[in-house]
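In the working numbering, the protein residues as written are 512 to 957. Okay, so here's the structure we're looking at.
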């Protein structure tokens, strides 16, 4: 357990260094964010936690459950009701009057119910705990979605830059081909081939620009804003550092430790634990229904019409009563017994779901862990691929300018270089998203 704790602290420190996502709670004091300025990931997350529909609904669910807890306390207090009656009739003989008024108060209080009030209150409190942890899961899921959307914008921005660079090289190659054709080194078909390559580069740029626009519309939607809101994001310094160094930070943690951290931190476990306690209290409550309930009641009534007519002593026109009642079910055709059986079955279902949840989360963590490790390796491979592709392209273009290489070699080298740059961008941001997904799977995405 000590080793798990050390790994957990190390992972949290690494998380802070690698992923600029900070913790927000529903009651956090918000800071004004200027949408005209580039937004950081922290600012996007903050706005999402303030404006997203899922978070607003989560707050409402929490408020509803808090009201249920308050309502569960009401059983400890008496119930007081008032009543009034007015009759108008044509029976005026034998002392009846055309108009009759009555006014009354009634009170009722449960003296003893074998602990049913306590059970109801405990059940409501467990429901509140379950709601709090469910909301924590909703919050973490939203943070993950915003993180993915944010990195999608950064990735598509870099892919547009790659497409622009590739298009510039294609145009330069076309211009060089025209010169060589004029010198008689190449033929007109070579120019057509170069222009086809240039057109393909233009289409690639168009597609990446379209993807960028979609990403920029998706991110505000995740943040609870209108998709038409134009926002920009800050420059990704981590990607610039990666381009300079050619390396990334790797997590130093085993999959077994990652699973253990998930079992300790995932809000779904705490929610399921609270649901189990709710079911247990529900079973106890069903058993208590068989026992009697002792209640006290009091009534106070006034024959208001007679008093208003005669204006005599008020005490002559009022009455009161105090009593107690004991309610006990003698026969209900087995309904209470069946309810106990039903609660037992529901409790067993919840326990089985809790056991399956543990297996599902362990699988999810393992998958996220393996995906992150694959992404780390892919980043290293893609970086080497770019270096080699650029060297090859520079050499072949140099030879092509002096007539030592054919056009097909240049086109192949350009294609390989463009693919290498694209792979590099995709690999890096796939790694960033995989890292966030592992944090989410472990329940530490804060």
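All C-beta atoms in this analysis are idealised placements derived from N, C-alpha and C, irrespective of residue type, glycine included.
Sequence-distant residues of its chain with Cβ nearer than 6 Å to residue i (five each side left out)
| i | result |
| --- | --- |
| residue 890 | 759, 938, 939, 942 |
| residue 591 | 618 |
| residue 854 | 793, 794, 797 |
| residue 623 | 805 |
| residue 829 | 813 |
| residue 633 | 792 |
| residue 743 | 549 |
| residue 649 | 565, 569 |
| residue 571 | none |
| residue 596 | 613 |
| residue 907 | 916, 920, 921, 924 |
| residue 598 | 611 |
| residue 769 | 876, 880, 953 |
| residue 914 | 696 |
Straight-line Cα distance separating residue j from residue i
| i | j | result |
| --- | --- | --- |
| residue 951 | residue 657 | 12 Å |
| residue 574 | residue 761 | 42 Å |
| residue 550 | residue 868 | 37 Å |
| residue 566 | residue 928 | 44 Å |
| residue 720 | residue 931 | 19 Å |
| residue 556 | residue 563 | 10 Å |
| residue 903 | residue 753 | 22 Å |
| residue 949 | residue 876 | 6 Å |
| residue 912 | residue 670 | 28 Å |
| residue 710 | residue 699 | 17 Å |
| residue 676 | residue 732 | 31 Å |
| residue 540 | residue 652 | With a pLDDT of only 48 at residue 540, under the threshold of 50, the placement of this residue in the model should not be trusted, and no figure is reported. |
| residue 824 | residue 576 | 51 Å |
| residue 808 | residue 834 | 5 Å |
| residue 640 | residue 780 | 12 Å |
| residue 861 | residue 647 | 20 Å |
| residue 892 | residue 767 | 26 Å |
| residue 787 | residue 956 | 25 Å |
| residue 642 | residue 866 | 20 Å |
| residue 849 | residue 841 | 15 Å |
| residue 872 | residue 886 | 21 Å |
| residue 771 | residue 947 | 18 Å |
| residue 1011 | residue 815 | In the structure displayed, the chain extends from 512 to 957; residue 1011 sits before or after that span and is not available. |
| residue 857 | residue 790 | 7 Å |
| residue 538 | residue 717 | Interpretation of residue 538 is limited by its pLDDT of 44, a score under 50 that renders its predicted location unreliable; the figure taken from the coordinates is listed afterwards. Each residue's Cα considered, the two are about 43 Å apart. |
| residue 741 | residue 881 | 36 Å |
| residue 739 | residue 674 | 25 Å |
| residue 763 | residue 878 | 17 Å |
Reference residue i; option with closest CA among the options
| i | options | result |
| --- | --- | --- |
| residue 654 | 684, 594, 558, 612 | 558 |
| residue 581 | 618, 631, 871 | 631 |
| residue 615 | 832, 811, 875 | 811 |
| residue 726 | 883, 666, 915, 642 | 666 |
| residue 704 | 923, 814, 957 | 923 |
| residue 722 | 677, 768, 672 | 672 |
| residue 737 | 945, 546, 944 | 546 |
| residue 756 | 894, 569, 576 | 894 |
| residue 679 | 883, 715, 739, 597 | 715 |
| residue 589 | 851, 859, 620 | 620 |
| residue 782 | 831, 696, 636, 852 | 636 |
| residue 750 | 662, 687, 583 | 662 |
| residue 659 | 844, 909, 734, 628 | 734 |
Whole-angstrom C-beta distance between residue j and residue i, which should lie under 8 Å
| i | j | result |
| --- | --- | --- |
| residue 774 | residue 805 | No, residue 774 and residue 805 are not in contact; Cβ-Cβ is about 46 Å, not under 8 Å. |
| residue 706 | residue 954 | No, residue 706 and residue 954 are not in contact; Cβ-Cβ is about 54 Å, not under 8 Å. |
| residue 625 | residue 847 | About 13 Å; that fails the 8 Å criterion. |
| residue 684 | residue 925 | 7 Å |
| residue 701 | residue 713 | Contact flag wrong, Cβ pair sits at about 19 Å. |
| residue 883 | residue 945 | 4 Å |
| residue 785 | residue 644 | 7 Å |
CB contact below 7 Å: residue i versus chain B
| i | result |
| --- | --- |
| residue 934 | Looking at the structure shown, chain B is missing, and only one protein chain is on hand. |
Residue i: first and last residue of the uninterrupted alpha helix (DSSP H) it sits in
| i | result |
| --- | --- |
| residue 713 | 699-733 |
| residue 941 | 918-953 |
| residue 862 | 846-912 |
| residue 543 | That residue, residue 543, is in no alpha helix (DSSP H); it is neither H nor E in DSSP. |
| residue 756 | 748-756 |
| residue 559 | 552-562 |
| residue 662 | 627-693 |
| residue 778 | 778-799 |
Delimiting residues of the beta strand (DSSP E) encompassing residue i
| i | result |
| --- | --- |
| residue 804 | 804-813 |
| residue 618 | 610-623 |
| residue 597 | 590-599 |
| residue 835 | 829-838 |
Own chain residues within Cβ distance below 7 Å of residue i, not counting five before or after
| i | result |
| --- | --- |
| residue 802 | 625 |
| residue 897 | 931, 932, 935 |
| residue 863 | none |
| residue 535 | Confidence in residue 535 is poor, its pLDDT being 37 and thus under 50, which makes the residue's placement too unreliable to answer from. |
| residue 689 | 702 |
Residues of its chain near residue i, where Cβ-Cβ distance is below 8 Å and the 5 sequence neighbours each way are ignored
| i | result |
| --- | --- |
| residue 664 | 723, 726, 727, 730, 744 |
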